[in-house]
Amino acid sequence: MNKMFPTQEVGSLAKPRWRVKSYRGKPLSRGDINEAVHWGRKLGIENLEELVKLLNKGDSASRKRALLEWSAKYAIRFFETADLDIFFDGEQWRSEMYEHVIRKTTGFRFLGNVKSFDYRYFNKAACIDRPKYAKPFYLNEFLFTKENTKKEIKVPFTGAYTLVDWTFNEYYEKKFSGKIRDFKWRKFEAKRDFLFDLIKEVIRPEISKLIDAGAKWIQVDEPAATTNPTDEEMKLFVESFNETVKGFSCAFSLHNCYSNYEVLARHACELRDCSQLSLEFANRDSRQPGTGNVRTGYKAIKLFENHSFQGNYGLGVVDVHTNSVEPPELVRDRILHVAKTIGNPSRIYVSPDCGLRTRTWEISFRKLRNMVLGAELARKALE
Amino acid sequence: MISCYVTGASPRSSELIKKTRAYERGRISKKELEESFEKATETVIKAQVSAGLSYITDGMLKWQDLLRPFTENLKGITVGSLRRWFNNNTFYRKPIITDYVKREKDVVINVTHLAKLPKNLPWKAILPAPYTFVSLSENQYYRDKAEFMFKFAEVMNKEIKGLAEAGFSYIQLSDPALVYEQSKPKSIKDKLALVNDALEIAVKGTTIKTCLQTFFGDFSKILPEALDFPVDHLGIDLYETDFEKLKEYDFEKGVALGLVDSRSSLIEEPDELVAVAKEIIESISQSNTNEVFICPNCDLDFLPWEKAEEKMKAVSSVTERLREEFS
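Protein chains in written order, with this note's numbering: chain A, 539 to 921; chain B, 2 to 328.
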């Protein structure tokens with residue numbers, strides 16, 4: 539990108555209530571419809587009456603597909619209106635980042651909910667057979683996005699390491715049982731086989747399809763990257779990223795958040811063809827204006843610099859876990875602080891910490907707008 | 002003598018999960034949630050009894066994490082933000098130590114369904130070990146971690162005495178942090194000396210059986226010092242421990258062998274587990290008189306409830322087979 543401090547989003551955006559309810563075949567309230575109309579007008583969506591008609595119609599497969607398209611169109615227009623440079627469709631076609639991929643792939647069975655924390659749980663699958671590609675899981679969503687915007691597209695793609703880390707590994711553990719005596723080593727080898735089979739059979743075929751369809755930039759999402767911070771596990775993670783991207787003519791970036799950046803920084807420069815690290819900082823930072831010592835949240839950037847990471851940063855300047863909206867001046871100061879720390883403003887892409895799915899559209903919009911304005915202020919400050 | 006038990010919290014059944022979600026969304030009352038917990042507790046207890054486990058826990062269904070009853074109920078501690086629970090895709094809330102820590106009421110007893118526990122079988126209670134609690138907390142009050150660890154051990158001592166009085170006959174102290182952390186050999190020695198002192202405080206004046214249960218890390222890292230810890234039994238996670246290294250030591254204590262993997266949904270073949278257990282038991286206890294417990298390596302709540310139930314049965318069938326082998 540020629541522009542200094544291009545702005546981007548990370549992936550998810552909340553799904554509007556009219557999308558969630560009607561996709562499940564549940565009746566909509568007047569308020570839900572009003573919300574669709576309100577945002578539709580605000581974003582200048584054409585043929586709104588068609589959407590309203592659709593929302594009032596009975597359940598059917600073609601209706602479901604149409605709902606996905608409508609909400610993707612809304613999200614695309616949402617990012618365009620906020621005036622971001624790089625985005626996707628708010629992941630409107632996906633149930634969430636894990637289940638969406640696993641459900642469309644063979645070799646897995648969902649076992650039910652397991653604990654995440656407090657009264658939160660997640661539906662966890664077991665790998666029960668060698669994973670096989672069944673049907674595209676991101677391709678159609680990408681094609682639709684491409685058709686509906688002229689802006690640069692970055693496709694968020696759940697990484698293989700995270701998929702494996704979040705899945706029970708029955709098939710491979712069984713395969714190795716009796717073959718490796720040490721249980722720990724057995725589980726590690728089973729994980730390795732699962733990981734590289736998944737990359738070969740499922741991940742790379744989908745990437746290949748995306749690239750054939752015109753994808754230029756894929757963001758590999760790996761929230762689990764530093765879950766197991768030992769050297770051998772981190773090496774496995776790096777190897778999995780490198781194997782995923784090997785030989786493709788496409789830009790790749792890595793998104794990781796709420797993790798151990800000391801560990802990630804040690805290994806970041808081993809990632810091949812990783813043009814950008816998209817990382818979370820804003821939620822660790824103070825909200826006072828200024829550069830220098832007040833920017834406590836951005837200390838971790840030095841870890842990556844000290845370990846000679848030379849790629850770009852997707853710099854998280856907006857906290858996705860609070861409703862308080864960062865003023866443009868704070869965004870500006872965060873950008874300028876890091877530009878000074880790394881000594882090269884062209885390596886900074888301005889970004890939220892993570893996907894905005896936990897915020898309302900109202901809050902998300904104001905946050906992104908201020909992010910764009912803050913980037914503009916930073917650009918002016920350096921001119 | 003070979004016995005068996007679980008080593009942590011049970012998972013919530015899908016029925017109970019639904020209720021907790023409904024409660025969070027304000028759709029059911031606190032009372033209705035409470036009733037669901039009671040009903041689910043009965044199910045967990047029944048499953049342990051029918052699997053033939055030697056000691057019974059109440060399932061710890063209400064425990065949001067291993068530390069939480071203490072984080073929420075001790076004075077001087079506040080509930081902090083979410084942190085990753087070791088190398089798992091689960092999270093706990095960090096205890097923040099802001100003031101002098103004081104125990105004003107029973108902690109574990111107040112979250113335990115005492116009335117549901119069976120009268121004819123011995124009961125087991127599970128608490129966080131002082132080292133793990135301290136290592137996962139943020140200390141803003143005490144001079145150093147050691148001072149806080151000794152303070153927390155005093156709290157544990159009162160808890161253990163209270164639980165013994167309430168009818169429990171077995172106490173497990175869960176100590177994952179002790180074996181999970183990577184530390185240099187020199188600092189390990191110092192650390193283990195402090196842990197030993199804290200455990201002395203925790204069990205002082207009690208006669209109830211105690212076990213220091215380690216998991217998520219290699220138990221051999223804390224050998225040989227752990228052999229002198231003032232507890233009756235030592236718990237070992239065999240999915241993290243190089244068991245060849247165990248064989249170099251003569252254990253004078255009982256051991257709890259974490260042979261069934263709570264972090265895998267694959268139900269183990271008893272044959273292999275029996276062979277491994279037999280080999281370990283024969284090599285670490287030359288006299289073959291040590292108490293041995295067969296157990297899951299850690300809390301079963303990494304699994305959906307149905308799988309946890311199967312794992313309990315696997316624990317019990319391995320135990321049965323070993324009893325035959327050693328009879």
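Backbone N, C-alpha and C define an ideal beta-carbon position, used for all residues, glycine too.
Pairwise C-alpha distance: residue j and residue i
i      : j      : result
Q546/A : S902/A : 13 Å
A913/A : F543/A : 6 Å
F87/B  : T765/A : 8 Å
K20/B  : E310/B : 20 Å
V196/B : S654/A : 30 Å
V869/A : L589/A : 36 Å
F790/A : Y887/A : 14 Å
A165/B : I209/B : 7 Å
F230/B : C299/B : 20 Å
K717/A : L605/A : 50 Å
W631/A : K159/B : 54 Å
N111/B : W723/A : 41 Å
S175/B : E307/B : 24 Å
Q978/A : I691/A : In the structure as shown, chain A starts at 539 and stops at 921, and residue 978/A therefore has no counterpart that could be examined.
P761/A : I161/B : 39 Å
G628/A : E900/A : 14 Å
L622/A : P883/A : 18 Å
Where residue i meets chain B, residues with beta-carbon distance less than 7 Å
i      : result
A664/A : S266
K722/A : Y240 and E241
Burial state of residue i, where buried means 16 or more other Cβ atoms lie within 10 Å
i      : result
H875/A : buried
Q65/B  : buried
P565/A : exposed
E16/B  : exposed
L115/B : exposed
G830/A : exposed
D100/B : exposed
R825/A : exposed
K725/A : buried
G645/A : buried
V80/B  : exposed
P70/B  : buried
Where residue i meets chain A, residues with beta-carbon distance less than 8 Å
i      : result
N74/B  : The contacting residues do not exist; N74/B stays about 16 Å from chain A at best.
T21/B  : Y657
S15/B  : G650 and N651
E273/B : S715 and G716
P70/B  : Per Cβ cutoff of 8 Å: no residues; P70/B is ~13 Å from chain A at best.
P12/B  : V652 and K653
Chain A residues whose Cβ lies nearer than 7 Å to that of residue i
i      : result
R322/B : By Cβ distance, chain A contributes nothing, its closest Cβ being about 17 Å from R322/B, past 7 Å.
I18/B  : N651 and Y659
Q214/B : None at all; the shortest Cβ gap to chain A is about 17 Å.
E1/B   : This structure does not reach residue 1/B, given that chain B is present from 2 up to 328, and the question cannot be answered.
Residue i vs residue j beta-carbon contact at 8 Å
i      : j      : result
L894/A : A610/A : no
E843/A : I880/A : yes
E864/A : K905/A : yes
T207/B : G236/B : no
K103/B : E39/B  : no
K312/B : L304/B : yes
K688/A : I624/A : no
E770/A : S265/B : no
V652/A : T696/A : no
Y56/B  : P129/B : no
R810/A : V783/A : yes
F252/B : I285/B : yes
Proximal chain B residues relative to residue i, where beta-carbon distance stays under 8 Å
i      : result
S560/A : What S560/A touches in chain B: nothing, since even the nearest Cβ is about 20 Å away.
T765/A : R85, N88, N89 and N90
S654/A : N90, T91 and F92
D703/A : N90
A762/A : N90
Chain B residues whose Cβ lies nearer than 9 Å to that of residue i
i      : result
D823/A : Result: empty, since nearest Cβ-Cβ is about 15 Å, beyond 9 Å.
K725/A : Y240, D262, R264 and S265
Cβ of residue i within 8 Å of any chain E Cβ
i      : result
E182/B : Going by chain labels, chain E is absent from the structure shown, which instead holds the protein chains A and B.
task: Compile a chain-ordered list of the residues in the region 90-105 of chain B whose CB is closer than 9 Å to at least one CB of chain A.
output: N90, T91, F92, Y93 and R94
Note down, in chain order, all residues in the region 224-243 of chain B with a beta-carbon under 8 Å from any beta-carbon belonging to chain A.
L239, Y240, E241, T242 and D243
- Message: Closer than 7 Å between beta carbons: that is the criterion. Which residues of the region 27-50 of chain B meet it against chain A?
- Response: none
For the region 301-328 of chain B, which residues have a CB atom closer than 9 Å to at least one CB atom of chain A, in sequence order? D302, F303, L304, P305, W306, E307 and K308
Compile a chain-ordered list of the residues in the region 786-811 of chain A whose CB is closer than 9 Å to at least one CB of chain B.
Y796, S797 and N798
Going along the region 707-720 of chain A in order, which residues come within less than 9 Å of chain B, judged by CB to CB distance?
N707, E708, Y709, E711, K712, S715, G716, R719 and D720
*If contact means a Cβ-Cβ distance below 8 Å, which residues of the region 57-69 of chain B contact chain A?*
Q65 and D66
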